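Beneath this line is the structure, given in structure tokens, with notes to follow.
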Amino acid sequence: MYETFENLPEDRKEQIIQICIEEFAKNGYENTSTNTIVKRLGISKGLLFLYFKSKMHLYLYLIDFLTKVYYIKYINLFPNQHPTEFIDIFNYTGDFYKILIKENPYIIVFFLKMEMNISSEIQKEINLIRNEYHERFLKNLNMNYIRKNIDIQKILNLLHMASYHIGQVILRDSEGDLEFFNKHADKYIREYNDYLDIIKLGTYER
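The sequence shown lines up with residues 98 to 303 when you count with our numbering.
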């Protein structure tokens, strides 16, 4: 579906992706204007839709692209062992979020606003993308030390809820100031790690 876009020079693709991320991060899906995007890019709306077909497909492309890129970065944080120990999720996820915040604040805001004010159709597609990478990740995890009476999916749900909660606190406190993320990242990562420690205590055999 995106062959025309994928055939562009890498620097042009990166520019288009970055500008689109910035606009969706600042405005959320519903309030992002493709008119603003094409004006910043210096292209016609027809060309943008030749690349991505529609605003919805552009949004889903960005979600899939960023999920893939940061899934790989997340995996690369773990020790080079097969399978990966489940406990490493607790040990390295905070570090990953710190990287995400400091590397490009627009991306963390994009992820935090990703599911706000979207249609059920878009939500369904986001769930498919998320589930694909969850399944890939779970295939390589060693579950040996997890308490036998615990549902793995419920652990993942708790991790997601903790991430979502901290994300919403950051959005509230930052009031749209992207510099806020870099200045206060450590504070929120510490708070997030506190939640991870609590979940970990209830998860592992002692």
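Just so it is clear, CB atoms sit at the ideal spot from N, CA and C, and this is done for glycine as well. Source: prediction; values computed, not measured.
Shown here, Glu120 sits in a helix according to DSSP, grouped into three states. Leu293: member of the alpha helix (DSSP H) spanning 276 to 298, first to last residue. For Leu105, there is no enclosing alpha helix (DSSP H), as DSSP marks it with neither H nor E. Taking C-beta separations shorter than 8 Å and ignoring five residues to either side along the sequence, the partners of Asn279 in its chain run Ile198, Lys199, Pro202, following chain order.
Taking a C-beta distance under 8 Å as the contact criterion, Asn254 and Gly191 do not qualify as a contact pair. The three-state secondary structure of Thr133, taken from DSSP, is helix.
For Gly191, the uninterrupted alpha helix (DSSP H) run begins and ends at 184 to 200, by DSSP. Pairing Tyr168 with Phe102 gives a Cβ-Cβ distance that is not under 8 Å.
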